[in-house]
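Read through the structure below, which is laid out as structure tokens, and then see the notes.
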Amino acid sequence: MHVYMAKIDVKQETPVDHGEITCFSIYGGPEADFGGGKSCIWVDVLDGGGKEILEKFANFFSDPSIMKVWHNYSFDCHVIENYGFKVSGFHADTMHMARLWDSSRQLDGGYSLEKLSGDRKVMSRAQSNHEKDLIGKVSMKTIFSKKKVKKDGSEGKTITIAPVEDLQRDERIPWICYSALDAKSTLNLYESLKSYLS
89 MHVYMAKIDV KQETPVDHGE ITCFSIYGGP EADFGGGKSC IWVDVLDGGG KEILEKFANF
149 FSDPSIMKVW HNYSFDCHVI ENYGFKVSGF HADTMHMARL WDSSRQLDGG YSLEKLSGDR
209 KVMSRAQSNH EKDLIGKVSM KTIFSKKKVK KDGSEGKTIT IAPVEDLQRD ERIPWICYSA
269 LDAKSTLNLY ESLKSYLS
């Protein structure tokens with residue numbers, strides 16, 4: 089499970105009463121079939137119905153029998169609860185699992201989904217039939233950054249990334265692939281860390 093949001097300055101604000109969900113993705117593992125052989129769902133909240141579309145998933149979010157794996161659960165949970173939905177069915181938070189497994193990563197790599205899922209050692213115990221299934225998260229900067237255009241129309245040296253809501257609208261297909269991969273990376277990371285911690 090992975091949630092993306094906009095209208096929050098994470099360096100200045102907490103997710104309590106801040107932020108709006110733009111999209112979320114659910115990955116149920118390679119055996120899951122959400123229809124048409126698809127094992128991942130990507131939901132557009134930004135232009136796909138806002139709170140009304142979230143209401144369609146209220147039972148999913150609140151059902152304690154549907155176990156959910158998150159990366160930074162407390163953040164995503166607060167943002168979902170800002171819409172008035174209860175979140176239940178917590179199974180694991182890969183960020184905290186990684187801290188339990190290796191508390192020294194704060195100085196050597198960190199605990200972001202990108203850094204953890206891109207680390208071969210961390211991911212070495214993920215259950216996968218294919219190496220390509222263990223593709224880690226790629227940074228937004230790598231995919232979506234652009235050089236800022238100067239007043240004279242030429243490219244400058246400064247690199248910028250558009251706001252999430254602009255990326256979701258203007259770079260739609262790459263954005264869907266990027267954000268849906270986060271749910272898959274989270275579950276793969278969980279499987280590997282679970283093996284290390286067992």
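Residues 89 to 286 (my numbering) are what the sequence shown spells out, left to right.
For glycine and all other residues, C-beta sits at the position ideal for the given N, C-alpha and C.
Practice task
Taking Gly244 and Val237 to be in contact with their CB atoms under 8 angstroms, please state how far apart those CB atoms are, rounded to whole angstroms.
Solution key: 7 angstroms
Exercise for the section: Round the Cβ separation of Asn170 and Gly107 to the nearest angstrom and send it over; I've been treating them as touching at under 8 angstroms. Expected result: 7 angstroms
Practice task
Could you tell me which uninterrupted alpha helix (DSSP H) segments, each at least 4 residues in length, are contained entirely in the segment 180–256, listed from first to last along the chain?
Solution key: 182–189, 201–205, 208–211 and 228–232
Problem - Per-residue burial, Leu195 [other beta carbons within 10 Å of its own, 16 or more giving buried] - result: exposed
Handout entry: Residue from Ile154, Val131 and Ser153 whose Cα sits closest to the Cα of Glu143
Key = Val131
Practice task
Provide the residue span of the beta strand (DSSP E) that contains Val91, from first to last.
Solution key: His90 to Ala94
Practice task
For the alpha helix (DSSP H) holding Val292, just list the boundary residues, first then last.
Solution key: Residue numbering for the chain in the displayed model covers 89 to 286; residue 292 lies beyond these limits and cannot be assessed.
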